[in-house]
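Undergrad: Here you go, one structure.
The structure is reproduced here in structure tokens:
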């Protein structure tokens, strides 16, 4: 289509609105890119800003990158998020071919790597480090029971020097000693760890071994199973005055609330507790009661129906949350099972919170503040 200079052009915001409306229709977006020169960047951005690639789609994406008419020059500038999936039975050849079709540097911001029963070669890891060297967010999923090396994976993660956000998922039980020569990238402020407790402790011991302990403002720990976690306890103390968002999923037989003393965390804004084991509501009360004169905005608890039997502990929680210790603007969110059959009974346990309007009861599996913490792990792993 030829566009004459005298033809009126649509304002950019109108163009963006039209193309936004077609955001999920790849064929229409491709056509939009041919309407005129001014439409091209917006349509390309929607087509290639977030790309998911597995062996099934790898060939198609490789062909797009290799086409003379639609060369990598017209695709790469719009890549923002790239998710790569490797499954059992896959060879690395398709992924190596795909990466080799990319230019030496891709200004990617988010990289997600899902390794389901396979392991990336050192050559491919090095290629990722050099090609995607400016990423700020890395998610590494190692869903395999093979002899995964914690030290090797941490070294790979830390090879990306511009990282600010790390999500690390795996079943690591080998090579726990991480070299002191490996250091967490300087700008990391968000750590999300879904590892077995021994691997969690090993990772955090390595953090504590730094010459200057790298503290974070967001810390989310998905699996704490050991009854004692001294490294985590020390690291929480090190993050005082900086930590604003904390998530702890405690799958312990017996939790010692003293390990999670938050009395010095006056900057804490959000806390999410998933408690399992004995007297979980009492444990929640003891942990939360250590927060003094805080600007806490959100408390999120994952609660199962059997915990409703602890009547006295619910009374203590209800009184704590409506006391002067906490801000009147603070919100309590209780996440319950999807069927929600015990919602009314839950409200009966917290009459003061209900009367003050401070409480929300939400269902797991539906979009809400609670699922926003875990969906990037749980919803992704359901497929595999």
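Residue numbers (the numbering used here): 2 to 385. Just so you know, even glycine gets a beta-carbon here, dropped at the ideal spot from N, CA and C.
1) Can you tell me whether residue 159 is buried or exposed? The criterion is at least 16 other CB atoms within 10 Å of its CB, across all chains shown.
2) Residue 54 to residue 84, Cα distance in whole Å?
3) Which first and last residues belong to the alpha helix (DSSP H) in which residue 236 is found?
4) Once you ignore the five residues that flank residue 207 on each side, which residues in its own chain have a CB closer than 6 Å to its CB?
5) If you drop the 5 nearest sequence neighbours on each side, which residues of the same chain put their C-beta closer than 8 Å to that of residue 355?
6) With a 10 Å radius around its C-beta and 16 neighbouring C-beta atoms as the bar for buried, classify residue 312 as buried or exposed.
7) Note down, in chain order, each residue of its chain lying with its Cβ closer than 6 Å to the Cβ of residue 275, except the 5 sequence neighbours on either side.
8) What residue range does the alpha helix (DSSP H) around residue 51 cover?
9) Three or more C-beta pairs closer than 8 Å, one from the stretch 95 to 114 and one from the stretch 131 to 138: is that the case here?
10) Counting only runs of 3+ residues fully inside the stretch 286 to 311, write out the beta strand (DSSP E) ranges in chain order.
11) Can the beta-carbon of residue 364 be found less than 8 Å from the beta-carbon of residue 335?
12) What first and last residue would you give for the beta strand (DSSP E) that runs through residue 116?
13) Using alpha carbons as the reference points, say which of 201, 157, 243 and 237 lies closest to residue 130.
14) Using the Cα positions of residue 264 and residue 359, report the straight-line distance between them to the nearest angstrom.
15) With a Cβ-Cβ cutoff of 8 Å, do residue 298 and residue 277 count as a contact?
16) Assuming residue 201 and residue 233 make a contact with CB atoms under 8 Å, what is their CB distance in whole Å?
17) Unbroken alpha helix (DSSP H) runs of length 4 or more, entirely within the stretch 116 to 175: which are they?
18) Just how far apart, CA to CA, sit residue 377 and residue 352?
19) Less than 8 Å separating the beta-carbons of residue 192 and residue 217?
20) If contacts are defined as beta-carbon pairs under 8 Å, then residue 308 and residue 284 qualify, I think. What distance do you get, rounded to the angstrom?
21) Taking all protein chains shown into account, decide if residue 240 is buried (16 or more other Cβ within 10 angstroms of its Cβ) or exposed.
22) Going by other Cβ atoms of all chains shown within 10 Å of its Cβ, with 16 needed for buried, is residue 1 buried or exposed?
23) Hey, would you say the C-beta of residue 200 is under 7 Å away from at least one heavy atom of the ligand PLP?
24) Distance check for residue 115 and residue 12, CA to CA, integer angstroms please.
25) Cα-Cα, which of 139, 153, 98 and 105 is closest to residue 120?
26) Can you tell me whether residue 155 is buried or exposed, with buried defined as 16 or more other CB within 10 angstroms of its CB?
27) Excluding the 5 residues preceding and the 5 following residue 82 in the sequence, name in chain order all residues of the same chain whose CB lies nearer than 6 Å to its CB.
28) Roughly how many angstroms separate the alpha carbons of residue 366 and residue 305, rounded to a whole number?
29) Residues in the same chain with beta-carbon distance under 6 Å from residue 301, minus the five sequence neighbours each way, listed in chain order, please.
30) With a 10 Å radius around its C-beta and 16 neighbouring C-beta atoms as the bar for buried, classify residue 225 as buried or exposed.
31) Only counting the same chain, and skipping five residues up and downstream in sequence, which positions put a Cβ closer than 7 Å to that of residue 236?
32) Can you give the Cα-Cα distance for residue 173 and residue 253, rounded to whole angstroms?
33) Please determine, among 127, 330 and 194, the residue with the shortest C-alpha to C-alpha distance to residue 97.
34) Quick check: the Cα distance between residue 94 and residue 118, rounded to an integer number of angstroms?
35) What is the C-beta distance between residue 161 and residue 139, in whole angstroms, given that I count them as a contact (C-beta under 8 Å)?
36) Based on the DSSP secondary-structure assignment, which residues constitute the bridge partners of residue 364?
TA: The structure says:
1) That one is buried.
2) Straight-line measurement puts the Cα of residue 84 at about 6 Å from the Cα of residue 54.
3) Counting along the chain, the alpha helix (DSSP H) containing residue 236 begins and ends at 231 to 239.
4) Answer for residue 207: 179, listed in chain order.
5) Same-chain partners within the cutoff: 348.
6) With fewer than 16 Cβ atoms within 10 Å of its Cβ, residue 312 is classed as exposed.
7) Hits under 6 Å: 250 and 303.
8) No alpha helix (DSSP H) holds residue 51; the beta strand (DSSP E) holding it covers 51 to 54.
9) Contact between the stretch 95 to 114 and the stretch 131 to 138 is established, with three or more Cβ pairs separated by less than 8 Å.
10) DSSP runs (the beta strand (DSSP E)) wholly in the stretch 286 to 311: 299 to 303.
11) For residue 364 and residue 335, no; Cβs fall outside 8 Å.
12) 111 to 117 is the extent of the beta strand (DSSP E) around residue 116.
13) Considering only 201, 157, 243 and 237, the residue with the shortest C-alpha distance to residue 130 is 157.
14) Spanning the two alpha carbons is a distance of roughly 22 Å.
15) No, the Cβ-Cβ distance between residue 298 and residue 277 is not below 8 Å.
16) Their Cβ separation, rounded to whole angstroms, is 7 Å, which keeps residue 201 and residue 233 in contact under 8 Å.
17) Those alpha helix (DSSP H) runs which fall completely within the stretch 116 to 175 and span 4+ residues are 123 to 132 and 151 to 158.
18) For residue 377 and residue 352, the distance between alpha carbons rounds to 33 Å.
19) Yes.
20) Contact doesn't hold; Cβ gap of about 10 Å is too wide.
21) So residue 240 ends up on the buried side.
22) The structure shown does not extend to residue 1, since the chain is modelled only from 2 through 385, so no value can be given for it.
23) Among the components modelled here there is no ligand, and therefore nothing to report on the ligand PLP.
24) Each residue's CA atom was taken as its position, placing residue 12 and residue 115 some 41 Å apart.
25) Minimum Cα distance to residue 120 is reached at 153.
26) Within a 10 Å sphere around the beta-carbon of residue 155 sit 16 or more other beta-carbons, which makes this residue buried.
27) Answer for residue 82: 51 and 111, listed in chain order.
28) Going by the C-alpha atoms only, they are around 14 Å apart.
29) Excluding positions up to five away in sequence, the list reads 273, 334 and 371.
30) By the neighbour-count criterion, in which a residue is buried when 16 or more other Cβ atoms sit within 10 angstroms of its Cβ, residue 225 is buried.
31) Contacts found: 205, 208 and 209.
32) Cα to Cα, residue 173 sits roughly 19 Å from residue 253.
33) Closest by alpha carbon: 127.
34) If you take the alpha carbons of residue 94 and residue 118, they lie about 16 Å apart.
35) That belief holds up - the Cβ atoms of residue 161 and residue 139 are roughly 6 Å apart, short of 8 Å.
36) 337, per the DSSP bridge assignment.
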